[in-house]
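Chains B, A and G supply the protein sequences, listed in that same order. According to the working numbering, the first sequence holds residues 29 to 334 in order. According to the working numbering, the second sequence holds residues 4 to 347 in order. According to the working numbering, the third sequence holds residues 238 to 484 in order.
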Amino acid sequence: MIEFPVIVTAVVSSFLLGLLAMGFTLQYITLSVPNLAYGTIAFFTTYVTLTVTLLGLPPYVALPFAFLLAGSISFLLYKFMAFLRNRGMPLTALMISTLVFDFVIGAIMNIYADYISYTMKVFARMFSLTENDFSVSLPGGLHMPGILPVSMLASILIVLIFHTALVKTKFGIAMRAVMENYSMAGVQGINTERVLGFSWFFVGGIAGIAGSLYPMWFFMDPTVGTVMFVSIFASCVVGGLKSMYGSLVGGIVIGFSETFVTYGLVGVFGTWLWIYKSITPMLIAAISLMVMPQGFGGLVSRLKER
Amino acid sequence: MIGIAVIVSGVLMFCCVYAIVTLSVNLQYGYTGISNLGLYLPIIIGVLTVGVLPGRLALAVYGLSNLDFVNDNAKAVALLEARLQKDPLTSVMLLVVTLIVVGGVSAFAGYLSGYPALRLPGDYLALFMLCLGESLRLFGMETMSLAGGIYGISIVNLFVFLGPYADLGVISFIMVSAAIAYIVCDRMCKSPLGRLLRSVRDNELTAQCVGKNVSLIKKKLLAITFAMLGVAGSLFALFTNAVVVEGYTRSDFSFWPWLMMVIGGTGNDSGGLLGTGALVIMRRVMIVSKNYFGFLPFDVLWLEPILLGAMLALVLIFRPAGILPEKAPHVKRPYPKTTEEHRT
Amino acid sequence: MTLLEVSSLNAGYGKSPILFDLSLEVSKESISAILGPNGSGKSTLLKSIFGLTTIYNGSINFNGNDITGMKPYEIARLGMAYLPQVENTYLNLNVRENLLMAGYILSKEETNARMQEVLDFLPVLKGFLEKKVLTLSGGERQMAIMAMALMRRPALMLFDEPSASLASKVADKIFEKIKELNRDFGMTIVIVEQDTRRALEISDESYLLVSGKVNFHGKSKELAENAELGRLFLGLRSHIQDKRVSV
């Protein structure tokens, strides 16, 4: 019998991971290099949620602030990258340059955590906000934590809005055009810088929302961004390296797998399995590479061509 | 007096270890175009081997197998060091065996990593290795039985037989290792093998057409560089006399070497060393001056990544080729000047 | 009246020069053909006119404007359309979306009006407006490319090998449309072509490029009918070794 908290863990982590993976893939497609600072930028917004609760407000108030903050930082990162790219910097060096933001934002996050711990006398280097969440009573005596519907709803809404914009609006179609062929779009007079700048802002903001929801169920510490980066990357591999919606699916796969390896199988096979939690994402990614190198996204396009 | 010696040996150790790492990165990226952000994967292999092997071997050699190296760590280390102090032969043997195993296991891991290396495009490969490294680090952190998990363990100082010169022994050994690594790499790059490596980097297709087994070459190169990195990691652990896997972060052991290369100048060894030296000294200074900044409500060490990020940004903006760029041979231009040059 | 004038152009890619002292003139409402063997610089010429290469020396004048060294999107705004051989559509977008992007800088009403015009000119497109370009056949894709260029009502169209990898009948249709554009709408067109027969048939003037230089230039009709010129044309002299190189 799978316990209810395990289900919550599986669902919440899958949806959040799906959002994060989708965002990462989009940034990769538009910039041609992976954003190494992605994990840090996404998860430092957890401290926004913490701050909000320390101020006595309901935690979900943090969402718009998290969106704006993470979005702005992503926008700045994009501007920095674009500046370097226009100077002719090679791709590997561009990838290294994302580290500037990883270092600085990570340091600021740690400094803030220290500062909060010192001034507010709370242990901000390891915290969870499950107690600040609202709860819904379900039949059967179960109490559903608010994060469950919130994370599902937020993810579904975000994906719907995103998809609609990409398909139905001129700007969204321009985003797809720029993603596919940057130079051709420029020649046609599309303001590629503005299009990309906005998409990075939006995607960064989404990542920020996903991150800010994390401590509502899980334990947060400053290293979570780095650890989750592995799962995010594994989700992208499973989803197909250049497919946004594939990554979304990949995130759900990895989220469920991680949860069931750690909680489900451990209950069945014994606690010795617990230590393999950390290698589960990469194991799945490696298997996925061998079995279906194009990922889910590739599978779907091949099916469509038939 | 002792304080300065500690600082100096710390700086020297860092410089040497990072120098070996930078040499490996140069080989991997500068000469064959493989960008590997998971440098800490083989480094952690080296560190874990040092945590797992010599202690248990020594316990077996001295018939103390009733002790568990992890759970009875303090006792085991004390007992073993007492024995090894009078037993230089065993000490050296343990050292040699450990390093051979480190080299072998790391090389094997490098060879295996050739499989994804050949299937993934450049930057995705970099990420793949990064995530493999992080997974191994997490695995090491969560597995008590290997090397103390999250708490870490002390390891036996294999140089105790040198008595009061033990510290000097360690640092000398490390410096000699770095020197050997440098000489080997230098020789290799100036040899026909070096030309082969550069040809693979410049034009893989041509190299294949000429009959060179490119995938085998890459796998061999990964094996060699992984072995070097593994040894570098084990040297680090030997110096600190402890294995705490948690401390081997992607930041310190994967990103820093890359930063050193970028800041110092890619594609040439002197640049890498310059970068290494600058960053290591900066870090040591920060650690030492920490005491003067106790009034700040946060740990002053967090300023280091900010400084590092700023330095990197400055270099990227103003000197993108690094402070010491690769010196290209001077080419006389037979081509007509462009319109812009005509105007100026 | 001269719409496009290239004077003593030296151009190439970065430090590799491809075109040497090249001059040509294109009259308004004419079709000009650029012919020549592989590697002679035909595509480079079109790219240079559109601002996609490095110009070392010389000048390009379009409709009274000196466009030497201008950026491609600035040249596009002046009324020139460039239809390259590759990377000319958004493969993952459907035809309608491609047209929308081609007319990106137009207002909503203008876009709808132009799209209607373009579809009237190329009615066959109506059959696959919602299909992704990736799934179109060669001929359908060429139609889409033409349609995209027409969204901006250019004064000059530079067409790089319109018949490349197309079946004969399909290429005929494309060329018919090109003729129609010129005849009924007064569009000035420059075509680079490997298919010399078709190119000579459709064009008013022809330029022969060999190794980056204009080897011959004249009325296409004369070139097609003149046996001597034909032999000269078919037995091209390479300026490097003065050997006869057959096309």
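Ideal Cβ placement from N, Cα and C applies to all residues, glycine included.
In summary, E417 (chain G) is exposed, with fewer than 16 beta-carbon neighbours lying within 10 Å of its beta-carbon over all protein chains present. DSSP places M317 (chain G) in the uninterrupted beta strand (DSSP E) bounded by M317 to L320.
Contact of I309 (chain A) with chain B by beta-carbon distance below 8 Å involves F131, V132, A135 and I136. Taking 8 Å as the CB threshold, G217 (chain B) lines the interface with chain G. With respect to the 8 Å criterion, V243 (chain G) and L261 (chain G) are classified as neighbours on the basis of their beta carbons. Put simply, of A:R59, A:A235 and A:N160 the residue whose alpha carbon is nearest the alpha carbon of A110 (chain A) is A:A235. Between the alpha carbons of S116 (chain A) and V247 (chain A) lies a gap of roughly 25 Å. According to DSSP, M394 (chain G) shares a beta bridge with G:A318 and G:I426. Taking CB atoms only, G279 (chain B) has no neighbour in chain G less than 8 Å away.
Interface annotation, R204 (chain B): in contact with chain G, CB-CB separation under 8 Å. Of G:A392, G:E324, G:Y444 and G:G278, the smallest CA-CA separation from E266 (chain G) is found for G:A392.
Taking a beta-carbon distance threshold of 8 Å, R253 (chain A) counts as an interface residue toward chain B. In this structure, the alpha-carbon of F95 (chain B) lies about 14 Å from that of T68 (chain B). Cβ proximity to chain B below 8 Å picks out P309, Y310, A313, R314, Y319, E324, N325, Y327, L328, N329, L330 and E334 from the segment 306 to 334 of chain G.
For the pair E84 (chain A) and N160 (chain A), the Cα-to-Cα distance works out to about 7 Å.
In the assembly as shown, G155 (chain A) is a buried residue. Its beta-carbon has 16 or more other beta-carbons within 10 Å. Going by C-alpha positions, S259 (chain B) is about 7 Å away from I282 (chain B). Chain G places a beta carbon closer than 8 Å to that of K198 (chain B), counting this residue as a contact. The shortest C-alpha to C-alpha distance from R435 (chain G) to any of G:K458, G:L256, G:Y341 and G:K450 is the one to G:K458. When DSSP states are grouped into helix, strand and coil, M320 (chain B) belongs to the coil group. Excluding sequence positions up to five before and after L97 (chain A), its CB lies within less than 7 Å of the CB of P57, L60, A61 and L161, all in the same chain and listed in chain order. 8 Å or more divides the Cβ of T52 (chain A) from the Cβ of T93 (chain A). Of the residues assessed, V447 (chain G) falls on the buried side of the cut-off, its CB having 16 or more other CB atoms within 10 angstroms. Sequence-distant partners of M289 (chain A) (beyond 5 residues in either direction) whose C-beta falls short of 6 Å from its own C-beta, in its chain, are E307. By the C-beta criterion, the segment 109 to 125 of chain B is judged not to be in contact with the segment 246 to 258 of chain B, since fewer than 3 inter-stretch pairs fall below 8 Å. Ranked by Cα distance from F72 (chain A), the first of A:W305, A:W259 and A:G151 is A:G151. The C-alpha of S165 (chain B) is placed about 47 Å away from the C-alpha of A129 (chain A). The distance from the Cβ of I37 (chain A) to that of K221 (chain A) is about 7 Å, consistent with a contact at the 8 Å cut-off.
Interface flag for R204 (chain A) against chain B is unset, since no Cβ pair is found closer than 8 Å. By the neighbour-count criterion, in which 16 or more other beta carbons inside 10 Å mark a residue as buried, C134 (chain A) falls on the buried side. For P300 (chain A), the chain B residues whose Cβ falls inside 7 Å of its Cβ are D142, Y143, Y146 and T147, in order along the chain. For K345 (chain G), the uninterrupted alpha helix (DSSP H) segment begins and ends at K345 to F358.
By the CB criterion at 8 Å, G41 (chain A) and M144 (chain A) fall outside the cutoff. A residue is called buried once 16 or more other Cβ atoms fall within 10 Å of its Cβ, and E334 (chain G) is buried on that count. Straight-line measurement puts the Cα of L85 (chain B) at about 19 Å from the Cα of T147 (chain B). Distance from the CA of L276 (chain A) to the CA of Y185 (chain A), rounded to the nearest whole angstrom, comes to 11 Å.
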